[in-house]
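Chemist: Got a structure for you, questions after.
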Amino acid sequence: MTEPRAAVVLPLTVQTPARVFWRALRRSPLAIAGGALLVVLYSMALLAPFLAPYAESDIDREHFFHPPTPLHLRDASGRWHARPFVYGTQGGFDQRYTPDTSRRYALQWFPRGAAYRLFGVVPCDRHLFGVEPPGRIFVLGADDTGRDVWTRLLYGSQVSLTVGIVGIVISFTLGLLLGGISGYLGGWVDVVIMRGTELLLSIPGLYLIVALRGVFPLDLPSQQTYLAIVAILAFIGWAGLARVIRGMVLSLRQAEYVLAAEAMGASRLRIIVRHILPNTMSFTIVAATVAVPGYILGEVFLSFLGLGVQPPAASWGNMLNAARSQRVLTSFPWMLLAPGTAIFLTVMAFNFFGDGLRDALDPRRSAGGRG
Amino acid sequence: MRTFLLRRLLQTIPLLFGISALTFLLLKLAPGDFLATMADNPQISSATLEAMRHRFGLDRPWWVQYFLYLKNIFLHFDFGESFARHQPVFEVLRTGLGNTLLLASAAGLVTWGLAIPLGLLAAVRQYGVADRALSFAAFVWLSVPEVLSGLLLLWLAAATGWFPVGGMRDLDFEDFTAIQKLGDLLRHLALPAIVVGMVPLASRMRQMRASLLDQLKLDYVTTARAKGLPEHQVITRHALRNALNPLITLFGFTLGSLVSGSFVAETIFSWPGLGSITLEALNTHDQYLVMGSVLMASTVLIAGNLVADVLLAVADPRIRHD
Numbered sequence: 000m001t002e003p004r005a006a007v008v009l010p011l012t013v014q015t016p017a018r019v020f021w022r023a024l025r026r027s028p029l030a031i032a033g034g035a036l037l038v039v040l041y042s043m044a045l046l047a048p049f050l051a052p053y054a055e056s057d058i059d060r061e062h063f064f065h066p067p068t069p070l071h072l073r074d075a076s077g078r079w080h081a082r083p084f085v086y087g088t089q090g091g092f093d094q095r096y097t098p099d100t101s102r103r104y105a106l107q108w109f110p111r112g113a114a115y116r117l118f119g120v121v122p123c124d125r126h127l128f129g130v131e132p133p134g135r136i137f138v139l140g141a142d143d144t145g146r147d148v149w150t151r152l153l154y155g156s157q158v159s160l161t162v163g164i165v166g167i168v169i170s171f172t173l174g175l176l177l178g179g180i181s182g183y184l185g186g187w188v189d190v191v192i193m194r195g196t197e198l199l200l201s202i203p204g205l206y207l208i209v210a211l212r213g214v215f216p217l218d219l220p221s222q223q224t225y226l227a228i229v230a231i232l233a234f235i236g237w238a239g240l241a242r243v244i245r246g247m248v249l250s251l252r253q254a255e256y257v258l259a260a261e262a263m264g265a266s267r268l269r270i271i272v273r274h275i276l277p278n279t280m281s282f283t284i285v286a287a288t289v290a291v292p293g294y295i296l297g298e299v300f301l302s303f304l305g306l307g308v309q310p311p312a313a314s315w316g317n318m319l320n321a322a323r324s325q326r327v328l329t330s331f332p333w334m335l336l337a338p339g340t341a342i343f344l345t346v347m348a349f350n351f352f353g354d355g356l357r358d359a360l361d362p363r364r365s366a367g368g369r370g
Numbered sequence: 000m001r002t003f004l005l006r007r008l009l010q011t012i013p014l015l016f017g018i019s020a021l022t023f024l025l026l027k028l029a030p031g032d033f034l035a036t037m038a039d040n041p042q043i044s045s046a047t048l049e050a051m052r053h054r055f056g057l058d059r060p061w062w063v064q065y066f067l068y069l070k071n072i073f074l075h076f077d078f079g080e081s082f083a084r085h086q087p088v089f090e091v092l093r094t095g096l097g098n099t100l101l102l103a104s105a106a107g108l109v110t111w112g113l114a115i116p117l118g119l120l121a122a123v124r125q126y127g128v129a130d131r132a133l134s135f136a137a138f139v140w141l142s143v144p145e146v147l148s149g150l151l152l153l154w155l156a157a158a159t160g161w162f163p164v165g166g167m168r169d170l171d172f173e174d175f176t177a178i179q180k181l182g183d184l185l186r187h188l189a190l191p192a193i194v195v196g197m198v199p200l201a202s203r204m205r206q207m208r209a210s211l212l213d214q215l216k217l218d219y220v221t222t223a224r225a226k227g228l229p230e231h232q233v234i235t236r237h238a239l240r241n242a243l244n245p246l247i248t249l250f251g252f253t254l255g256s257l258v259s260g261s262f263v264a265e266t267i268f269s270w271p272g273l274g275s276i277t278l279e280a281l282n283t284h285d286q287y288l289v290m291g292s293v294l295m296a297s298t299v300l301i302a303g304n305l306v307a308d309v310l311l312a313v314a315d316p317r318i319r320h321d
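Those protein sequences? They're chains F and S, same order as listed. So that you can map any letter, position 276 of the first sequence is 275 in numbering that gives the first Met the number 0, and since no number is skipped, the others follow by simple counting. So that you can map any letter, position 285 of the second sequence is 284 in numbering that gives the first Met the number 0, and since no number is skipped, the others follow by simple counting.
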C-alpha cells in the first residue's frame with residue numbers, strides 16, 4: 000500500500016494547531032486557573048500516600064468525629080514556640096473534646112509513618128508532615144471511626160479523579176469509532192448504531208446508571224467496583240458523542256482528501272481513523288474536557304447511594320454518604336464540607352478549563368485571531 | 000399537523016420496545032436467580048411461587064419470558080409483582096410516579112419562575128452590574144452538583160428546623176385540615192424542589208437572556224420605541240412575548256431532565272418518588288420493580304421530548320410541513 004508522503008518541509012514559523020491552541024489558551028486567565036487547579040488536584044492524587052499523614056483506613060477509636068486540630072505557636076502559659084504544635088485532646092462519648100494543655104506535640108516535616116509504595120512502586124515510609132506520636136493531627140477533622148478526613152480525601156481523590164479520565168477515554172474511543180463508522184458507512188450500520196444511541200439517550204441517566212449497577216453483584220470488592228463503575232459510565236457516555244461525530248463525518252465524507260484517500264485504495268477503517276476522525280479532534284477534546292465532571296459525579300452519585308466504592312476504601316462519594324445523617328450534618332459539618340469543597344473545586348476547574356479550551360479551539364475564533 | 004403528530008407518536012413505539020428489551024436484558028444479566036431468593040423466604044408460599052413461575056414463564060427460554068412480559072403489559076397492564084412489597088409493580092409505580100411528577104412540576108416552577116425574570120433583568124441591563132453578577136453566579140453555580148446542594152439544604156433544615164428533613168407528610172398529617180395539609184405538603188416539597196429546580200436554572204437563564212437580546216435588536220422594537228412607547232411597555236408588550244416563544248419548546252425537554260434530576264433529591268430528602276423506589280428495589284433485588292420504574296421514567300422522558308417537538312411544530316410551521 001502506498002502512503003501519501005509529506006513531501007514539503009514546513010517552514011519554522013508555521014502555525015501548528017498546537018501552537019495556535021497554546022497561544023489562545025494563554026489569553027484566557029480562567030482556563031489557566033482551571034488548568035493549574037487540575038494539575039494541583041491530580042498531583043495531589045498521585046502523591047496521596049505521601050501528603051497524607053496516616054494510612055487510608057487508619058482507625059482511631061479514641062477520636063471519633065474529632066474536629067479539625069488547631070495548630071498553635073503559643074502555649075497555654077503564653078510562651079511562644081518556633082515550631083508549631085498541637086495539643087492532645089480528651090473526649091467523652093458525646094464527642095466533645097477538650098484540649099489537654101499539659102503536653103505539646105510538635106509538628107514534624109517528613110516523619111516516618113505508615114509504609115506505602117510511592118506511585119505504586121517505590122517503597123517509602125516518609126510523609127510530608129505529622130506530629131510526634133502519640134499526638135494526632137486531623138487537618139480536616141476525623142470521621143465516624145476516627146479516620147483522618149484529609150487522608151481519606153486524598154485517597155478518595157485517587158478513585159474519584161481517575162474514574163473521570165479512564166471513563167472518558169473508553170467512552171470517547173467508542174463514541175468516535177461508532178460515530179465515525181455510522182457516518183462514513185451509512186446504510187443499515189448507521190441505522191442500527193443510531194437507534195442504539197437513541198435508546199440509551201431515552202433512559203434518564205441516573206436511572207440507567209442504577210439499573211446497570213444491578214447487573215454487577217452489589218457486594219463487590221472495591222477494585223472490581225471501580226472497574227464496574229467505569230464500565231457503566233463508559234457504556235452510557237458514548238451515545239451522545241457518537242451522534243455528534245456522525246454528523247461531522249457526514250459533512251467530511253465528501254471532502255477532497257477523503258476522496259483522494261479512497262482513490263488511492265485506503266481501507267475504510269483507515270480512512271475513518273486516520274483521515275476523518277483527526278478533523279473532529281478539536282471538538283472532541285473540548286467535549287471530553289467538559290464531560291469529565293459528569294463521570295466524576297457519576298461515581299460520586301453511585302458511592303453516595305452506597306452502590307459504589309465501599310468503605311474502608313475511600314471515595315468522595317462514600318465520604319458524602321457518611322455525612323448525610325442529620326446528626327453528622329449539624330454536629331460534625333467538616334464531614335460534608337471537606338469532600339463537598341473538593342468536588343466543587345474539581346468540577347469548577349474542569350468547567351473553567353473546558354470553557355477556555357472551547358474558546359481556544361473554536362475555528363472561528365482562531366481564524367479571527369490570526370487575521 | 001395530524002400526520003406530524005402521528006409520525007412522531009409512531010416513532011416512540013420501537014423506542015419503548017427497545018427500552019423494555021434492554022431492561023429485560025439487564026434483568027437477565029443480573030447475578031442470582033430471584034426465584035431462588037424467594038424460595039428461601041418463608042413468607043412466600045410455594046403456591047405463590049408456582050403461580051409466578053407459571054405467569055411469567057420463568058421455567059421457559061428467555062425470549063418466551065420476554066414475550067410473556069410484554070404480553071402481560073399489553074393485555075393486562077401488568078408489569079409483574081413487587082417481591083419485596085407484595086404488591087403489583089404498577090400499583091407501586093403509580094404512587095411513585097405521581098410523587099416524582101409533583102416534585103418535577105414544583106421544580107419546574109422554581110426553574111422558570113427564576114429563569115425568566117433573571118434572564119430578563121440580565122438582558123435589559125446587558126453588560127451592567129446585574130448582568131455580570133448573574134452570569135458569574137451562573138458560572139459558579141454550574142459547578143455545584145445536586146448531591147452537594149441537596150446536602151447543604153438538608154444541613155440547613157436540620158440546623159434551623161425551618162423545614163422538615165425528609166419525607167412527604169407530617170406524622171399527624173391525617174388529623175390536619177385541608178389547608179394545613181396543603182401547607183405541610185408545600186413545606187416538605189420546598190427544599191427538594193429547590194434542589195432539583197436550581198440545576199437547569201443557569202442554562203435556562205442564559206437562554207432567556209439571549210432570546211430577549213435577539214428580539215431587542217429587531218426593527219419592530221425600534222418602531223415601538225420610535226412611536227414613543229415607554230421602555231417597560233416595549234419590553235413587556237412586544238419583545239418579551241416573542242422572546243418567550245422559543246423557550247416554550249424547552250418546557251418539554253426540561254421535564255425529562257427534571258425527572259432524572261429528582262433522583263438525587265428524592266434519595267437525600269427521602270421523597271417517596273420513582274427514584275427512591277428504584278433504589279430500594281435494587282437493594283432488595285426486586286427486579287420487576289427496577290425494570291418497571293426504568294421503563295416508567297423513560298416514558299416520561301420520551302413524552303417530554305414529544306411534547307417539546309409538538310410545541311415546536313405548533314410554534315414553527317416550517318417543521319410540521321417538513
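Here a beta-carbon is modelled for each residue, glycine too, at the ideal position from N, C-alpha and C.
Roughly how many angstroms lie between the CA atoms of Gly355 (chain F) and Ile284 (chain F), to the nearest whole one?
Modeler: 12 Å
Chemist: Using the Cβ count rule (16 or more neighbours within 10 Å means buried), how would you classify Asp171 (chain S)?
Modeler: Counting every other CB atom within 10 Å of its CB across the protein chains shown gives Asp171 (chain S) a total below 16, marking it as exposed.
Chemist: Do you know offhand how far Trp108 (chain F)'s Cα is from Phe118 (chain F)'s?
Modeler: If I take the Cα positions, the gap works out to 20 Å.
Chemist: Sorted by chain position, which residues of the same chain lie with C-beta nearer than 7 Å to Ala114 (chain S)'s C-beta, five sequence neighbours on each side aside?
Modeler: Leu200, Arg203, Met204 and Met207
Chemist: Starting from Val85 (chain F), follow its DSSP beta bridges and name the residues at the other end.
Modeler: F:Tyr104
Chemist: Buried or exposed, going by whether 16 or more other CB atoms sit within 10 Å of the CB of Val327 (chain F)?
Modeler: buried
Chemist: Just to confirm before moving on: does the CB-CB distance between Arg6 (chain S) and Leu305 (chain S) stay below 8 Å?
Modeler: Against a cut-off of 8 Å, the Cβ pair of Leu305 (chain S) and Arg6 (chain S) comes out as no contact.
Chemist: Please state the DSSP three-state secondary structure of Asp143 (chain F).
Modeler: coil
Chemist: How would you list, in chain order, the residues of chain S whose beta-carbon sits under 8 Å from the beta-carbon of Asn350 (chain F)?
Modeler: At a C-beta separation below 8 Å, Asn350 (chain F) has these neighbours in chain S: Phe138, Leu141 and Ser142.
Chemist: For the structure I just gave you, are there three or more beta carbon pairs, one from the segment 126-145 of chain F and one from the segment 70-90 of chain F, closer than 8 Å?
Modeler: yes
Chemist: CB-CB under 7 Å to Gly367 (chain F), same chain, minus the five flanking residues each way: which ones, in chain order?
Modeler: The predicted position of Gly367 (chain F) is uncertain, since its pLDDT is 36 and thus under 50; no value can be drawn from it.
Chemist: With a threshold of 6 Å on Cβ separation, who are the neighbours of Leu215 (chain S) within its own chain once the five nearest residues in sequence on each side are excluded?
Modeler: Excluding positions up to five away in sequence, the list reads Ala238.
Chemist: Given that a residue counts as buried once 16 or more other Cβ atoms are within 10 Å of its Cβ, and exposed if not, what is Ala81 (chain F)?
Modeler: exposed
Chemist: Considering only residues of the segment 242-320 of chain F, which uninterrupted beta strand (DSSP E) runs meet the minimum length of 3 residues and lie entirely inside it, listed in chain order?
Modeler: none
Chemist: Around the C-beta of Ala238 (chain F), are 16 or more other C-beta atoms found within 10 angstroms, so that it is buried, or is it exposed?
Modeler: buried
Chemist: Would you say Thr266 (chain S) lies against chain F (beta-carbon separation less than 8 Å)?
Modeler: Taking Cβ atoms only, chain F reaches closer than 8 Å to Thr266 (chain S), which makes this a yes.
Chemist: At a Cβ threshold of 8 Å, is Thr277 (chain S) touching chain F?
Modeler: yes
Chemist: Using only the heavy atoms of the ligand NAP, determine whether one of them is closer than 7 Å to the beta carbon of Phe250 (chain S).
Modeler: Although the ligand NAP was asked about, the structure shown includes no ligands whatsoever.
Chemist: Leaving out the 5 sequence neighbours to the left and right, which residues in its chain are closer than 6 Å to Val308 (chain F) when beta-carbon positions are compared?
Modeler: Cβ neighbours of Val308 (chain F) within its own chain (closer than 6 Å, five residues either side excluded): Val158, Ser221, Thr224, Ser302, Ser314 and Asn317.
Chemist: Of the residues F:Val39, F:Arg273 and F:Glu131, which one's Cα is nearest the Cα of Pro83 (chain F)?
Modeler: F:Glu131
Chemist: Report yes if the C-beta distance between Ala157 (chain S) and Gln325 (chain F) is below 8 Å; otherwise report no.
Modeler: yes
Chemist: When we look at the beta-carbon of Arg369 (chain F) and count the other beta-carbons within 10 Å, is it buried (16 or more) or exposed?
Modeler: Caution applies to Arg369 (chain F), whose pLDDT of 32 falls short of 50 and renders its modelled position unreliable; the value that the coordinates give is listed next. If you draw a 10 Å sphere on the C-beta of Arg369 (chain F), you find fewer than 16 other C-beta atoms in it, and that means exposed.
Chemist: Tell whether a beta-carbon distance below 8 Å holds between Pro191 (chain S) and Phe268 (chain S).
Modeler: The answer is yes: Cβ separation under 8 Å.
Chemist: Could you give the first and the last residue of the continuous alpha helix (DSSP H) run that contains His75 (chain S)?
Modeler: Counting along the chain, the alpha helix (DSSP H) containing His75 (chain S) begins and ends at Trp61 to His75.
Chemist: Quick check on the burial criterion: 16 or more other C-beta atoms within 10 angstroms. Buried or exposed for Tyr96 (chain F)?
Modeler: buried
Chemist: Quick one, which residues of the segment 181-210 of chain F are near chain S if we go by CB-CB under 8 Å, in chain order?
Modeler: Arg194, Glu197, Leu198, Ser201, Ile202, Pro203, Gly204, Leu205, Tyr206, Leu207, Val209 and Ala210
Chemist: Beta carbons nearer than 7 Å to chain S: which residues of the segment 297-308 of chain F have them?
Modeler: Cβ contacts with chain S: Val299, Phe300, Phe303 and Leu304.
Chemist: Could you name the residues of the same chain whose beta carbon sits closer than 8 Å to that of Ser321 (chain F), not counting the 5 residues immediately before and after it, in chain order?
Modeler: Contrary to the premise, residue 321 (chain F) reads as Ala rather than Ser in this sequence. Correct list, in chain order: Asp142, Asp143, Pro310, Val327 and Met334.
Chemist: Thinking just about the alpha-carbon of each residue, which of S:Val123, S:Ser19, S:Asp285 and S:Lys226 is nearest to the one in Ile72 (chain S)?
Modeler: S:Ser19
Chemist: Determine, using beta carbons only, whether Leu344 (chain F) and Leu36 (chain F) come nearer to each other than 8 Å.
Modeler: yes
Chemist: Excluding sequence positions up to five away, which residues of its chain have a Cβ less than 6 Å from the Cβ of Pro338 (chain F)?
Modeler: Trp315, Met318 and Leu319
Chemist: Figure out for me which residue from F:Ile228, F:Gly246 and F:Arg212 has the closest Cα to the Cα of Ser181 (chain F).
Modeler: F:Gly246
Chemist: Out of curiosity, what's the CA-to-CA distance linking Leu74 (chain S) and Ile231 (chain F)?
Modeler: 34 Å
Chemist: Residues of the segment 21-32 of chain S with a CB closer than 7 Å to any CB of chain F: list them in chain order, please.
Modeler: Listed in sequence order: Leu21, Thr22, Leu25, Leu28, Ala29 and Pro30.
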